[in-house]
Structures are given as structure tokens and as C-alpha cells.
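Top line first, the protein sequences correspond to chains A and B. Going by our numbering, the first residue of the first sequence is number 5, and it counts up by one from there. Going by our numbering, the first residue of the second sequence is number 23, and it counts up by one from there. Glycine included, each C-beta is placed from N, C-alpha and C at the ideal position. A quick write-up on the structure given underneath.
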Amino acid sequence: MQSLTAAAAAIELRGIDKSFGAVHAVRGVSLAIPRGSITGIVGENGAGKSTLMSILYGLYRADAGQILIDDRPVDMASPRDAIAHGIGMVHQHFMLVDTFTVLENLMLGAEGGPLLAGGFAAARAELARLGREYGLSVDPDARVADLSVGEQQRVEILKVLFRGARMLILDEPSAVLTPQETDRLFEILKSLRARGVTVVLITHKLREIMAVADRVIVMRQGAVVAERLTVETSTGELAELMVGRKIRLDLDKAPAERGQTMLAARGLSLVDRRGVRLLDGIDLELRAGEIVGIAGVSGNGQTELLQVLSGIRPPTAGQVEVCGRVIDPARPIDPAEMRALGLAHVPEDRLRQGLVAAFEASETSILGYQDQPPYCRNHLLDAPAVGRHCADLMQRFDVRPQTPGLRSSHFSGGNQQKLILAREMSRIPKVLLVGQPTRGVDIGAIEFIHRELVKSRDAGCAILVVSVELEEILSLADRILVMSGGRIIGEVAADQADERALGRMMADA
Amino acid sequence: MEETLTFITLTLAATLRVATPLVLCAMGGLFSEKSGIIDVGLEGKMLMAAFFAAATASLTGSAWAGVVAAIVAAEALALLHGFACITHRGNQVVSGIALNILAAGLTVVLGTAWFARGGQTPPLGDGERLKPIFFPVAGDNVLVYVALLSVPFTWWLIARTRFGLRLRAVGEMPLAVDAAGVSVAWLRYRAVLLCGLFSGLAGAYLSIAQNAGFSRDMTAGQGFIALAAIIFGKWRPFPAFGACLVFGLLDAVAIRLQGVKVPGVGEVPVQLIQALPYLLTLFLLAGFIGNAVAPKAAGVPYEKEH
């Protein structure tokens with residue numbers, strides 16, 4: 005341990021402690037991050053890594069503990085202090101003003117005077133210099149809303165460097181990037197390190213840590229449980245440290261036994277009111293007993309495809325046939341009717357479409373089925389029956405805490421997702437549509453959710469999984485369709501697919 | 023010919039007179055809305071300001087004291103709005119409506135108690151009013167010029183200064199402003215205070231420049247018309263100014279058209295003409311502005327996530 009921290013520390017934390025109400029988010033964390041290194045911080049969701057970095061960046065105040073920058077204790081009361089001490093943060097959700105140009109975003113908070121004119125010229129020159137030095141080129145006059153996600157992230161990094169940061173914290177930087185963009189990001193990080201910048205990378209993607217970081221710190225339940233040099237560890241060991249037990253990253257499952265076609269889409273198109281073509285001639289077939297995965301960079305029509313297939317939006321052309329019923333522009337359908345046909349849907353956006361945050365878990369557990377027995381009799385809800393149903397689901401799907409009366413919003417993301425999956429799967433649907441099954445879900449729950457999906461498939465359910473996580477698609481799906489620009493641009497059998505090839509297909513178009 | 027020219031000149035002068043409070047109010051509201059604080063309380067601020075302007079001018083005999091009192095009164099309401107919406111993250115529309123009701127009631131109560139004229143203030147003499155500077159017929163008092171200058175000033179402040187950049191950012195993405203180490207609350211308070219300043223001037227114009235005294239509900243919805251002008255102008259100063267002029271013109275034409283027989287239609291009822299600006303507002307709001315371009319964070323209280 006001593007040898008790991010021997011190099012001069014750029015950042016040192018001593019005994020940092022933080023609670024939010026009853027939740028003890030960070031428990032007495034001490035760590036040191038050497039200057040000019042790339043350090044990864046890994047941990048499950050809720051392990052406290054983001055909270056810890058928010059404390060370092062002055063967004064939260066620690067209840068106890070000390071922060072040292074370049075061996076001097078400092079007081080981080082606000083991001084302004086952090087910036088003044090040379091710390092910059094690239095957040096998972098970009099802190100960019102969409103309607104501003106790159107230059108305006110760059111200057112926000114560092115305008116260089118009460119009038120903008122002079123600052124603009126200086127910022128333009130500085131941007132050109134940073135672009136040359138770090139290979140970070142972005143058009144300064146482009147509107148941020150028009151940039152790709154990868155470019156927006158570059159703007160975030162430029163923003164931090166523009167403020168003279170020597171220490172850079174990145175929170176889940178690859179969550180929204182294609183594999184190629186991620187590689188590009190890692191090259192940038194390495195060139196930053198070569199120029200003496202200290203980089204801290206928060207992630208739960210172990211493979212990326214192994215690829216780019218020098219050292220890795222593992223957090224679990226608010227505490228640091230291990231520190232390793234990446235050359236001396238493996239993804240297996242790190243995963244085990246993160247969850248505190250051995251887990252399998254690979255799902256082993258029997259080959260699919262494909263039955264009859266349960267859902268078929270032909271020439272499915274969707275054009276919105278502004279005339280933008282969101283779906284463009286989608287042909288798709290889903291058979292009983294198989295999992296079809298849809299891979300793609302988010303925003304390429306996956307969301308709309310799920311909306312149309314689940315009956316939320318009618319198609320503008322083409323048709324869908326579900327369990328014998330044909331849906332086309334002339335014969336639309338609503339989600340309740342879809343459910344009655346035996347189609348269940350786990351929406352991508354669980355907080356907006358999967359549950360009502362203010363409802364109790366028991367109410368969430370019957371959402372969409374609230375008018376059916378045994379929950380509803382004579383137009384009245386049977387609360388005890390609903391409670392029993394919820395308790396039963398919670399037990400079968402290991403939802404914690406097992407409290408049907410608790411508000412849905414008080415469950416962690418993983419447990420909310422398990423509850424929604426339980427609700428949809430418990431009706432034994434013929435077709436199951438799942439959007440982002442494990443977004444914001446920790447590793448333990450991911451494993452559980454994946455196993456349940458495969459179990460359901462083996463029982464004969466036809467499953468369509470949409471995910472931006474390639475790893476997930478690769479381990480779950482029997483067939484993989486790649487979406488881009490509202491079209492399906494390719495199909496690959498899962499056993500012949502690899503991340504690189506898929507990534508190239510996703511990025512093409 | 024001569025007659026037509028006179029008609030046009032007089033109508034244009036009237037347009038400017040009627041549009042002045044709208045322009046001032048709209049520029050004030052623009053600052054607030056740009057910062058992400060919706061202000062349906064423009065009406066109440068203007069009404070309160072109008073009352074205190076007239077009351078103070080009447081008691082002190084000074085028009086300028088009236089202007090100062092108007093600004094103070096409007097700022098008090100602006101701060102209340104800020105306290106409710108920024109500090110306590112209350113619902114901005116509810117707070118705005120509450121301010122309107124408060125102003126409508128308080129001005130009448132205080133007016134009745136102080137002057138015993140059924141809510142009116144005593145008529146103001148010439149020395150207690152802001153008088154025309156160059157053209158007595160046109161009514162070009164100092165606030166008309168302030169209103170005209172307020173438009174390029176607002177544009178300049180929003181487009182060309184550090185404050186403006188941050189103001190625009192805080193209305194779109196307050197998180198980005200916070201992450202840049204700039205206080206979201208202080209920025210929004212400054213915006214709300216600017217709004218108070220301009221709506222105060224608008225109120226003063228009504229009671230001590232355009233008219234000679236305060237009468238109950240004298241704003242008569244002009245705060246809402248200003249709000250509509252902001253929306254027509256898509257939250258940009260010059261287009262909003264243009265919208266104010268259109269409303270002013272409609273109003274001026276309405277006054278001119280009273281009692282005039284329109285060929286083929288006959289005499290147009292006064293009420294219909296007076297309703298024109300409001301009908302136009304509804305009409306345009308319903309379908310002619312196109313996609314909403316409101317600041318994205320407008321109406322959303324800023325809270326740090328936990």
C-alpha cells in the first residue's frame with residue numbers, strides 16, 4: 005500500500021465522511037492520488053464514488069475529514085474553490101448550455117472581464133492552442149446542440165483545461181460514447197497525462213480501467229476496500245472486490261430454441277410533426293424463445309421503435325403484427341390493448357414511464373394492470389391483495405427493502421428496475437420489450453436481471469432488448485440488430501459478434 | 023391629404039404613448055424570464071408602482087419622488103417574488119398570481135385609507151407630473167425616451183456582457199452555471215431586481231406621466247400584454263419591442279376608430295375595438311409563434327441534487 009502512494013500526491017483525502025439523512029454515503033475515506041497519473045475509481049452504483057468526487061469538487065461539503073491539494077489543506081466550499089485550486093470536473097451529464105456556441109460555453113464563468121468582446125478573442129486563441137497541444141479540435145462557433153456526444157465531451161474537457169485545471173475528474177466518461185469515441189477519449193487522457201495532468205476516472209467499466217488507468221481504487225458501500233496497480237490486477241479480481249463476492253461477467257446460456265413468430269414488423273416508419281424521419285422502413289421478426297438485441301448509439305431510433313412496438317405511438321407507415329393482431333396507421337392500438345394481447349414492456353426511462361415516483365411500491369407493482377383481478381374488484385382496488393402481490397414479487401425478484409408501502413422513489417435504481425421487471429414478467433407475457441434493462445443498475449442486480457431474462461426466454465417468451473451497453477447486448481442476445489439513423493443497418497448472430505465490429509457498424513452511417 | 027397626415031402623426035404619437043409602459047414592462051420581464059424566473063406578476067408590480075408613484079407625488083409634490091417610490095414599491099414585490107421562487111423554490115406562477123392579487127387589493131385599501139377617494143389618489147397638478155419635453159401634443163416625457171433606450175440597453179446587456187452571458191446560461195442550464203462556480207441564486211436575484219426596476223418605471227409612467235393620478239386597476243392587463251409581447255418576441259429585446267408597438271398601435275387605432283363608421287360594416291362597437299389587442303394575443307399565442315423557444319429552465323426552481 006505504501007509503495008502505491010509514495011509518489012508526490014496531487015490530491016490527498018483524509019478521513020472523508022458524508023451522510024445524507026440516514027444514508028451513510030462515504031465512510032472515512034482516505035486516499036492519495038499521485039501527480040501526473042491516471043487513477044480509476046471503481047465501485048457499484050451507490051458505492052459513494054460520485055459523492056466522494058463531488059466533495060472533492062466542492063459540490064457537497066464533507067461532514068468530517070480533510071482535503072489536501074499539493075500537500076496543503078484546503079477548504080472546498082464550492083466549485084469555485086475547486087477551480088481555483090486547479091481541479092476540473094467533467095460530469096456524466098454534460099454541464100453545457102445547448103443553445104450556446106462552443107466558445108460561449110468555454111467562457112461561461114471565466115469571461116475575463118465584464119464585457120465579452122475582449123474575452124472572446126482571448127478564448128479563441130486559447131482554444132486554438134489547446135486544440136493543437138492536446139489534439140482536441142472543435143469548431144469554436146458551432147452550437148453545442150449540433151455537436152455529437154463525443155464532441156460535446158471534448159468541449160467539457162476543453163472547458164476544464166481552459167480554466168487552467170491541472171487535475172481532471174471524469175465521471176463515467178464513456179457511458180455515452182461509441183467504442184471508437186471511447187478510444188479517442190483515452191488517447192486524449194494519455195496525452196494529458198504526458199503533460200503532467202492528473203486524471204481521476206470514475207467508472208464501473210472495468211475493461212476501460214484496465215485499458216487506460218495506472219492505478220485503481222475500489223470502493224464498496226462508501227469505503228475504500230482496495231487499491232491496486234492495474235498491471236498487477238485483473239477485471240475478475242476488481243469485479244470481486246467491487247461486489248464483495250465472486251460474480252460472473254459472462255452469462256452462460258443454452259442456444260435459443262426458436263419457436264413461432266410472435267412479433268413481426270414490416271416497413272415500419274415513423275415521421276414526426278416536423279417531418280423528421282425517426283424510423284425508416286424497419287423490418288423485424290421476433291420469435292418465441294429468443295432474445296433479439298438492438299445495438300446502437302442512443303438517439304438512433306431505438307426509443308421510437310420501442311414506443312411504436314409497445315403501442316405508445318402509432319407508426320406513420322408500415323405495420324406491426326403482434327400475436328395475430330395487425331397494427332398500422334389505419335388501425336392504431338393503445339398500450340393497454342397491447343398488454344391484453346400478451347405484450348409486456350419495460351420502458352427505457354423507468355422514472356418517467358415505468359413507475360410513478362410518488363407512488364408506493366405496491367402501486368408501482370400493479371401499474372398498467374390496475375383494472376384487473378385480483379387487484380381490482382367492482383372498480384375498487386383491493387389494497388390487501390395488491391400488497392400481497394407486491395410482497396410476493398419483491399421476494400421472487402429480490403427487491404430490497406421488501407417494503408411494499410415504501411415510496412417507489414426511495415428504492416435504488418436497481419431495485420426499481422427489478423420491481424418493474426417483476427411486474428411485467430409475472431404476467432408471463434408472450435412478447436417482452438425491454439429498454440435499457442440495466443441502466444444505472446449495479447453489477448449484482450445486472451447479473452440477476454440478465455439471468456431472469458434468459459429464464460424467461462427459455463420458458464418461451466419472445467424478448468427484444470434495446471441497450472446502449474454493447475457488453476450487455478453481447479451477453480444477452482441470440483441475434484443482434486444494429487440501428488443507425490432510424491434504420492436497421494445490419495444483423496449479426498451473437499456468437500459471431502464482437503465489440504469492435506459492432507462499434508464500427510454503429511459509428512458508420 | 024393634410025388630414026390624413028395629421029391622423030397618421032397623431033396615431034403614431036398615440037402608439038408610442040400607449041406602448042411605453044408595455045416596452046418598459048417587457049424589458050423588465052425579459053431579464054426575469056431569461057434567468058429562468060417566470061414573471062406573471064408584472065401586472066401587480068406595475069400596479070403597485072403606479073399607486074406609490076401617484077401617492078408619493080401627491081404628498082411630496084415632486085414627480086421625481088414619485089418615480090423613486092414607484093421603483094421601491096416594485097422592487098419590494100420583486101424581492102418577495104425572488105424570495106418565494108429563488109430562495110424557497112416555490113412555484114413561480116403561483117407566486118406571480120399571488121403578487122397580482124396582493125397589489126390589486128393593497129392599492130385600493132391603502133388608497134381608500136389615505137385619500138378617502140374610493141381608491142383613487144388626488145388628481146396631480148402639473149408640477150407633480152412628468153411633462154412632455156419637446157412636443158406637448160405627443161406627450162414625450164422622459165420615460166418615453168427611457169423606454170426607447172431600454173431596448174438597445176437590454177439587448178447590449180444580454181448579448182454583449184459577462185452578466186448577460188451568465189443570465190442566458192442560468193435560464194437554460196443552471197447546473198452549468200453552478201458547476202462553473204457562479205451563484206445561480208445571486209444571478210437570478212439580480213435579474214428579478216432589474217425586472218422590478220423596469221416595471222416600477224412602467225407603473226410610474228401610468229400614474230404620473232400618462233395620467234394625472236392613480237385609479238384602481240389602472241394597469242388593466244397591460245402587464246399580461248407585456249408578457250405576451252415577450253413571448254411573441256421569442257425572448258429577444260427588439261422583436262419584443264416590435265410586439266409592444268403592434269399592441270400600442272392597435273390600441274391607438276381603437277381609440278381613433280371610436281364612433282367612426284366603417285364602410286359596409288357600419289359603426290364598430292367600442293368594446294370590440296378595445297378587445298382587439300387581447301383577441302390578437304389569443305390568436306397569435308394559439309398558433310403563430312411556432313415552436314417554443316423559451317429559456318429551457320424557465321419555471322423550474324434550481325435544486326442541487328442529492
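| Query | Result |
| --- | --- |
| Three-state secondary structure assigned by DSSP to A:V263 | Checking the sequence shown, residue 263 of chain A turns out to be Gly, not Val. It is coil, neither helix nor strand. |
| First and last residue of the uninterrupted beta strand (DSSP E) at A:A125 | From DSSP, A:A125 is part of no beta strand (DSSP E) but of the alpha helix (DSSP H) over L120 to Y138. |
| Residue of A:G92, A:L63 and A:V148 minimising C-alpha distance to A:L100 | A:V148 |
| Sufficient close CB pairs (3 or more, under 8 Å) joining the stretch 16–27 of chain A to the stretch 209–216 of chain A | no |
| Exposed unless 16 or more other CB atoms sit within 10 angstroms - verdict on A:S238 | exposed |
| Partners in chain A for B:L197, counting only beta-carbon separations shorter than 7 Å | M99 |
| Contact between the stretch 174–185 of chain A and the stretch 134–142 of chain A (3+ Cβ pairs under 8 Å) | no |
| As assigned by DSSP and simplified to three states, the class of A:M111 | helix |
| Spatial neighbours of B:A234 in its chain, beta-carbon cut-off 7 Å, leaving aside the 5 residues before and after | P145, L146 and R151 |
| Listed by chain order, chain B residues near A:P83 by CB distance under 8 Å | D200, A201, A202 and G203 |
| Contacting positions in the stretch 95–121 of chain A - beta carbon closer than 9 Å to chain D | Absent from the structure is chain D; the protein chains it does hold are A and B. |
| C-beta atoms of A:T55 and A:K22 nearer than 8 Å | yes |
| Local Cβ density within 10 Å of A:A68, reported as buried at 16 or more and exposed below that | exposed |
| Beta-carbon proximity list for A:G489, same chain, < 8 Å, skipping 5 on both sides | D284, N304, G305 and A513 |
| For A:V360 and B:G281, the rounded distance between their alpha carbons | 59 Å |
| Integer-rounded CB distance, given that B:I60 should sit under 8 Å from B:A320 | 5 Å |
| heavy atom of the ligand ATP below 7 Å from A:L468 C-beta | Questions concerning the ligand ATP fall outside what the structure shown contains, since it holds no ligand whatsoever. |
| Inter-residue CB distance, A:I295 and A:L457 (contact presumed, cutoff 8 Å) | 7 Å |
| Contact check, B:H103 vs B:G63, beta carbons under 8 Å | yes |
| Beta-carbon separation (whole angstroms), A:A348 vs A:E428, contact threshold 8 Å | 4 Å |
| Alpha-carbon spacing of B:T241 relative to B:V130, whole angstroms | 13 Å |
| Alpha-carbon spacing of A:R252 relative to A:V469, whole angstroms | Any reading at A:R252 must be qualified, since the residue scores a pLDDT of 48, below 50, and its modelled position is unreliable; the value itself is stated next. Going from the Cα of A:R252 to the Cα of A:V469 covers about 20 Å. |
| Of the listed residues B:I108, B:T143 and B:W178, nearest to B:P196 (C-alpha basis) | B:I108 |
| Close beta carbons around A:A29, own chain, < 6 Å, minus the five adjacent residues each side | K22, G52, T55 and G226 |
| Where the stretch 165–187 of chain B meets chain A: residues whose CB sits under 9 Å from a CB there | A181, R182, T183, R184, F185, G186 and L187 |
| The stretch 89–96 of chain A contacting the stretch 172–186 of chain B, beta-carbon criterion three pairs below 8 Å | no |
| Local Cβ density within 10 Å of A:K250, reported as buried at 16 or more and exposed below that | The predicted model places A:K250 with a pLDDT of 49, which falls under 50 and marks its position as unreliable, so this point remains unresolved. |
| Chain-ordered residues of the stretch 63–87 of chain A with a beta carbon less than 9 Å from chain B | L63, Y64, S82, P83, R84, D85, A86 and I87 |
| Classification of B:I155 by the beta-carbon crowding that lies within 10 angstroms, buried from 16 upward | exposed |
| Nonlocal neighbours in the same chain, by C-beta distance under 6 Å from A:E325, ignoring five residues either side | A268 |
| Buried/exposed call for B:M23, threshold 16 Cβ in 10 Å | exposed |
| Between the CA atoms of A:L290 and A:I4 - distance to the nearest angstrom | Residue 4 of chain A lies beyond the stretch modelled for chain A, which goes from 5 to 513, so this question has no answer here. |
| Enclosing beta strand (DSSP E) for A:T202 [first to last residue] | T202 to T207 |
| Nonlocal neighbours in the same chain, by C-beta distance under 6 Å from A:I337, ignoring five residues either side | G315 and I331 |
| Burial state of A:P405, where buried means 16 or more other Cβ atoms lie within 10 Å | exposed |
| CB of B:L44 within 8 Å of CB of B:A231, strictly | no |
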